[in-house]
Each structure stands twice: as structure tokens, then as C-alpha cells.
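Trainee: Note that the protein sequences, when read in sequence, are chains A and B. So in numbering that gives the first Met the number 0, the last one in the first sequence is 110, and the numbering has no gaps at all. So in numbering that gives the first Met the number 0, the last one in the second sequence is 424, and the numbering has no gaps at all. Here a beta-carbon is modelled for each residue, glycine too, at the ideal position from N, C-alpha and C. As the structure is a computational prediction, the values presented were derived from the model and not from experiment. Got a structure for you, questions after.
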Amino acid sequence: MSEFVYLYRGGQRGASPEQSEQIMQKWVAWLKQLEDKGHMKDRGQPLESEGKVVKGDGKLITDGPYAESKDIVGGYTLVQAKDLTQAAELAKGCPIFDRGGLVEVRPVMEM
Amino acid sequence: MQVEEHLFRRESGRLVTALTRIFGLDNLALAEDVVQDAFCRALEVWKIRGVPDNPSAWLMATAKNRAIDVLRRQKTAQRCAPELERLFKSEWTLVPTVSGLFDPSVIKDDQLRMMFSCCDERLSQTSQVALVLHLLCGFSASEVAAAFLAGQAAMEKRLTRAKKVLSSSKHLFDLADREFAERLSSVQRAIYLLFNEGYQSASGEAATRVELCREAMRLAQALLDHPLSATGASHALCALLFLHAARLPGRVDAAGELLSLFDQDRARWDAGLIERGRRFLELSASSDELTEYHVEAAIAALHAAAQKVEETDWAGIVTCYDALLRLRPTPVVALNRAIAVAQAQGPSRGLEELERIPDSERLAGYPFYHAALGELERRRGALDIARGHFCTAHALAKNAAERRFLERRIEECSPEMSLTPVPAG
Chain A
0 MSEFVYLYRG GQRGASPEQS EQIMQKWVAW LKQLEDKGHM KDRGQPLESE GKVVKGDGKL
60 ITDGPYAESK DIVGGYTLVQ AKDLTQAAEL AKGCPIFDRG GLVEVRPVME M
Chain B
0 MQVEEHLFRR ESGRLVTALT RIFGLDNLAL AEDVVQDAFC RALEVWKIRG VPDNPSAWLM
60 ATAKNRAIDV LRRQKTAQRC APELERLFKS EWTLVPTVSG LFDPSVIKDD QLRMMFSCCD
120 ERLSQTSQVA LVLHLLCGFS ASEVAAAFLA GQAAMEKRLT RAKKVLSSSK HLFDLADREF
180 AERLSSVQRA IYLLFNEGYQ SASGEAATRV ELCREAMRLA QALLDHPLSA TGASHALCAL
240 LFLHAARLPG RVDAAGELLS LFDQDRARWD AGLIERGRRF LELSASSDEL TEYHVEAAIA
300 ALHAAAQKVE ETDWAGIVTC YDALLRLRPT PVVALNRAIA VAQAQGPSRG LEELERIPDS
360 ERLAGYPFYH AALGELERRR GALDIARGHF CTAHALAKNA AERRFLERRI EECSPEMSLT
420 PVPAG
């Protein structure tokens, strides 16, 4: 088993509390079945959409991280899977696709 | 941990109330925004971290923190409730004051005040009920629209207009106000209408409407929690709602079809609710005041006391209707009285009473009037005439369950069926 990070990018938030509640229920169900199948390493955290970027020689601090909301990482989860193919396959169940977002699947580097 | 259904609906009434008390009634929109925002943020966290053991407490903590943020940011803008402004201006008192306003017993009293604010006499009764559902029961505009079988756009407009009226005052209604008694009766009326809205069409296909009945029962009980509003009439209202709600499980058969009071399986009536209803009715006699709620509850109690239709004390019910007619002389009450007379003294006497109703032309558009005429004619054996009345009622019926009920009656009165007329009484 290897470890992978799911980076959740973009995906519209619910327009009303009732809608947000439905979206949340789907996420809870999806993450629970990953857990039940033994793929969950760490549920990770949701992230605020605002932030700062520090870069360059001058260590310039700017508001960031991205101009485009569809690129913003909204959260991450750490999973374990046989290989990258299986990890990507498991990500297909993520409810983020209903809301126009995407899941970036990245293997954790191993020594 | 799974989150309960309608968590937002349950919590938003309390949170919007607490925040309205903090920001002032004139900042109702801000209070609603903060609640929505707090809720959506909580869900963003829960969707990845999972739902905590006590989601209500989490929501409340989130709303409280957002409120403190808003007050810190807008300290100079003087957007908060005037009597609290001084306390909010100092960091020493800000947090304890806000926390105090989120105390469950404080929220409970404030919710009562909010209910009184919603029943402002400048608003139509429909707007009052819509506002209560929206602000205190957490129904979204589209859910309120569905509850009233109204269009969403029209309901949004109605709610916006109603909120504008509310926000012309800074404070929630003060229970010590000299208009208290009048306002209390508006509140009772709104709760009664809310219950009726749910009860009239609480059939299997519209199960959500039973929720309206439940909300009305919850609000009516809230009146009993405060010494000022726990009057005889409030107890009578509770009695009425509980005794009627007890019959809900019997109102539809296994196939979800509506059953008349005469055809219901009384074993399915909720004995617990009947018992509580009776208890409320006893307590309602604490003062000399006799309201429509008292009489209607007494009628419901007489129905509830009969194990079978034949055991009903119809003479007692006619006496109650006589009293109700004095309190509320409307054709609909007279119609119900005539039906009770028919039960006590036979269909011909009932028909006489129906003919005698003054302003009966006001009943022309009321499906139950024609259904009652049809029912009494049917029992007299005049099937042709009965059929005509049932057809008129059918054309006026407001929902599918009612129409199907009437279709069965029309069929029973059709010539190819040779039905023996039901004996009188």
C-alpha cells in the first residue's frame, strides 16, 4: 500500500443551507466508505479560500494564492491505495464533480 | 455520526432570534446572513472532518463567534441593539454579554418575543404565518412557498415586504407592552392558521405538510412556557391542536386515501396526544375567558371520547356548535353545526339546517358544503341529487386526495350501483 494525497480544487459551495447540507451528506458518505474499505490514512482538513503568497528573492508577500477560484485548493485528504491507478479510481466517487471541481491525486514520495 | 434531517431548519430559528436580539430587529437581514454563513462554514468543515457529536452546539458556537466578529468590526457603525450598545463597545463586556444572549433560556424567551414581532398587525395574516415559518421554523422561502402551495417568487416578495415592516422597529416585541393581549390573540390566530394549513391537506402524498402541524404544536406549547402568554386561550389552543393531531394517523387509509371522520379506524388515533390534549383542555378552564379555541377543543374532545362513530355524543356536539356560532357566526361554523344536527336527528333535519344557513351563498365555492349536501341526500336515499352535489364538490376540491375521495362518493351514487341508503343517525 502506498500513500496519496487528494487535493480538492475548486467546486462551488452550496447556495443555500439546505443545499450545503445535501452536499455535506454526500461528502460524509463518500469519505466514510473510503474509511470502511481501509483506504483512509488521514481525513485531512478543509482550507479557507483566502491566504497569502510569499515569493521571490525579495520575499514579497501578496494576497493569494490564485486569482482563479477554480484553482484554489479547498482541502486535502491522505489516502492509501495499491497504486496511483487505484488511488485515481477511488477519487471518482468524490462529490466535488457535481459542483464543477476536481481532485488532484498525488503520490506521497517514498524513500 | 450522521447529521439529522433539517438540522438547519431546527437550529436557524434559535440562532436568527439570538442574533436579532444582538443586532436589533432593524438588522434582521444581517442576523440572517450571519446564521447562513455560520452554517455553510460549519458544513464545509464537517464535510471533510466528519459531523461532530453535538452539531447544534457547534453551530451555536460558530454563530456566536461570527456575531462577536461583526460587533468588533462595526463597533463605530452602531448597528447593534440600542440597549446593548454600551456593553458591546467594551472588550470587557462584549464576549460575556453575547454569550449570555445565547443562553438557552434567554433564547427561548427571545423566540417568544420574535413570534410576537412577526404577528404585527400591519401585516396580513398570511404574511404573519409565512414570517413565523420562515424566521422561527427555519423554512426557506421555497419551503414556505411549498407549504402555502404558492409560487416561490411571490413568496419571496411577500417575505421581503414583511421583513421590511418588521425592521421598522429596533426591538423585539416587549411582552410588557400594553398591546400584549391583542398581540397574543394574533399570535394564537397565526398558530391556528399554520396548523390548519397543514391539517387540511395532510395526506400521504404531501407528508411534508404534517410538519406544519408539528411546528404549530411546538409554537403553541412555547406560549405555555411563559407566565404572561400561558393564558386559558393558549391552553385551549394547545388542546385543540393536540386533539386534532391525534386523528392525523387515522385520516388516510393504507393506500394513502383520505377518510372522513365517520370512516376512520379510531384505533389508529394517537392515545398519547389525546391524553395530553385533554389535560390542556382541563387547564384551559383556569380563567373565565371562553374562546373559540375552548369550544373547538371541546368538540374535538367529544369526538376523541367516542370509540366508535355511533357512540359519539352528537347532542353535546350540537350544543358546542351553538356556542361556537355565538362566538364566530360564520357560514362554515353553521355548516358544521348542521352536520352534527344530521348525526343527532337524521339527514332530513340536517338538510333543513343547511337550508337555513344565512349567507349560504358564501359557501357556494366551498367544496365541503356541497359534499355535506351530497352526503345527507345520499343518506336520505336521494342518490341522483347526491351525485350532483358530489360532482359540484369535486369541481371545487383543492387537492388530489379530496378529489379521489369525492370520486368514490360519485361512483357510489351512480345508477348502476344499487346501494342501500345508510340509515339515519
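Using a Cβ-Cβ cut-off of less than 7 Å, list which residues of the segment 120-142 of chain B approach chain A; keep chain order.
Mentor: 139
Trainee: Going by alpha carbons, who is nearest to residue 158(B) out of 125(B), 185(B) and 357(B)?
Mentor: 125(B)
Trainee: By the 7 Å beta-carbon criterion, what residues does the segment 35-58 of chain B contribute toward chain A?
Mentor: With the criterion set as a beta carbon lying under 7 Å from some beta carbon of chain A, the members of the segment 35-58 of chain B are 35, 38, 39, 42, 43, 44, 45, 46, 47, 48, 49 and 50, in sequence order.
Trainee: So that I know if they touch, is there some Cβ in chain A lying closer than 8 Å to that of residue 14(B)?
Mentor: no
Trainee: Considering only the alpha carbon of each residue, which of 401(B), 233(B) and 331(B) lies closest to residue 281(B)?
Mentor: Relative to residue 281(B), the option among 401(B), 233(B) and 331(B) whose CA is nearest is 233(B).
Trainee: According to the neighbour-count rule (16 or more other Cβ atoms, all chains shown, within 10 Å of its Cβ), is residue 62(A) buried or exposed?
Mentor: exposed
Trainee: Please list, in chain order, all residues of the same chain as residue 37(A) whose beta carbon is under 6 Å from its beta carbon, the five residues on each side excluded.
Mentor: none
Trainee: For the beta strand (DSSP E) that residue 365(B) lies in, which residues bound it at each end?
Mentor: Where residue 365(B) is concerned, there is no enclosing beta strand (DSSP E), given that its DSSP letter is neither H nor E.
Trainee: Could you tell me how far apart the beta carbons of residue 89(A) and residue 43(A) are, in whole angstroms, since I believe they sit closer than 8 Å?
Mentor: 15 Å between Cβ atoms; not a contact.
Trainee: What number of angstroms, rounded off, separates the C-alpha of residue 335(B) from the C-alpha of residue 321(B)?
Mentor: 10 Å
Trainee: Looking only at its chain, what residues have a beta carbon closer than 7 Å to the beta carbon of residue 242(B), apart from the 5 residues adjacent to it on each side?
Mentor: Only 273, 276, 296, 299, 300 and 303 meet the Cβ criterion.
Trainee: Could you give the distance in angstroms between the alpha-carbon of residue 42(B) and the alpha-carbon of residue 135(B)?
Mentor: 21 Å
Trainee: Once DSSP output is grouped into helix, strand and coil, what is the label at residue 102(A)?
Mentor: strand
Trainee: I'd like the list of long-range same chain contacts for residue 98(A), defined as Cβ closer than 6 Å, with 5 residues on each side in sequence excluded.
Mentor: 10 and 11.
Trainee: In chain order, what residues of the segment 362-376 of chain B put their CB closer than 7 Å to some CB of chain A?
Mentor: none
Trainee: If you draw a straight line from the alpha carbon of residue 140(B) to that of residue 133(B), how long is it in whole angstroms?
Mentor: 7 Å
Trainee: Against residue 7(B), what residues of chain A qualify as contacts under a CB-to-CB distance less than 7 Å, listed in chain order?
Mentor: 16, 17 and 20
Trainee: Whose C-alpha, out of 352(B), 291(B), 22(B) and 214(B), is nearest the C-alpha of residue 9(B)?
Mentor: 214(B)
Trainee: Find the residues of chain B that neighbour residue 84(A), judging by a C-beta separation of less than 9 Å, and give them in chain order.
Mentor: Here the premise fails: no neighbours, minimum Cβ distance about 24 Å.
Trainee: Would the beta-carbon of residue 350(B) fall within 8 Å of that of residue 375(B)?
Mentor: yes
Trainee: Output needed for residue 143(B): all residues of its chain with C-beta closer than 6 Å, excluding positions within five of it in sequence on either side, in chain order.
Mentor: 129, 132, 133 and 154
Trainee: At a Cβ threshold of 8 Å, is residue 420(B) touching chain A?
Mentor: Annotation note: pLDDT 49 at residue 420(B) (below 50); position unreliable, no value reported.
Trainee: What residues from chain B crowd round residue 13(A), counting only those whose CB sits closer than 8 Å?
Mentor: 39 and 42
Trainee: Anything in chain B within Cβ reach of residue 32(A), meaning under 7 Å, just list it in chain order.
Mentor: Under the 7 Å cutoff, chain B gives no residues; its nearest Cβ is about 13 Å from residue 32(A).
Trainee: Does the beta carbon of residue 44(A) come closer than 8 Å to any beta carbon on chain B?
Mentor: yes
Trainee: Would residue 55(A) count as contacting chain B if we go by Cβ distances under 8 Å?
Mentor: no
Trainee: Along the chain, where does the beta strand (DSSP E) that runs through residue 1(A) open and close?
Mentor: It spans 1-8 - the beta strand (DSSP E) in which residue 1(A) sits, taken as one unbroken run.
Trainee: The beta strand (DSSP E) that contains residue 44(A), what's its start and end?
Mentor: 39-45
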